Amino acid sequence: MLYLTAAYTGLRLNELKQLVVLDLCLKDENSYIKVRSSTTKNKKDAIIPLHSRLVSEFRVHIQNKEPGEHVFEICGHPDDTFNRDLKRAGIENLMLSTGKSISMRCDTHLLQNLPEVVFRNA
Numbered sequence: 001m002l003y004l005t006a007a008y009t010g011l012r013l014n015e016l017k018q019l020v021v022l023d024l025c026l027k028d029e030n031s032y033i034k035v036r037s038s039t040t041k042n043k044k045d046a047i048i049p050l051h052s053r054l055v056s057e058f059r060v061h062i063q064n065k066e067p068g069e070h071v072f073e074i075c076g077h078p079d080d081t082f083n084r085d086l087k088r089a090g091i092e093n094l095m096l097s098t099g100k101s102i103s104m105r106c107d108t109h110l111l112q113n114l115p116e117v118v119f120r121n122a
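If you count by the UniProt record's numbering, then the sequence shown holds residues 1 to 122, one letter each, in order.
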């Protein structure tokens with residue numbers, strides 16, 4: 001659920017780590033995440049619209065959580081969690097070919113570019 005949310009929203013893993021249930025507005029239409037300025041890199045509030053797939057997934061994911069409880073349980077630094085999950089998936093030191101003479105290491109910053117790819121190919 002964490003990486004699905006990152007893919008659809010472009011939020012940084014640290015921003016996702018700090019989300020609480022109250023930050024989610026799960027209406028049938030116009031659902032969104034309110035990202036608090038205290039959790040963003042640029043220190044500004046943000047409203048992130050949610051894809052309908054995420055809305056239904058979030059409803060299940062948070063059904064037993066309290067309003068002030070964190071949406072995602074991430075222990076330690078988000079980059080460490082991401083790298084640990086890559087390793088568990090059998091993906092280590094993944095280098096993505098960009099079609100140019102350089103490659104980019106797969107890290108949490110690449111997740112921020114996924115929404116553009118997801119919606120362009122939807």
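Glycine included, C-beta positions come from ideal geometry on N, C-alpha and C. None of these values were measured; they are calculated from a predicted model.
P78 sits in a helix when the DSSP states are folded into three classes. In terms of Cβ geometry, I74 and V21 do not form a close pair [threshold 7 angstroms]. Straight across, the Cα-Cα distance linking H70 with E29 is about 23 angstroms. Inter-residue distance for L24 and D85 is about 25 angstroms (C-alpha atoms, whole angstroms). Apart from the 5 residues on each side of it in sequence, K44 sits with its Cβ closer than 6 angstroms to the Cβ of S37 in its chain, given in chain order. S52 counts as exposed, since fewer than 16 other beta carbons sit within 10 angstroms of its beta carbon. At least 7 angstroms separates the beta-carbon of A46 from that of V55. DSSP places V71 outside both helix and strand once states are collapsed to three, so it counts as coil.
Here L24 carries a strand assignment [DSSP, helix/strand/coil].
Taking 7 angstroms as the cut-off, the beta carbon of T39 is found closer than this to the beta carbon of E15.
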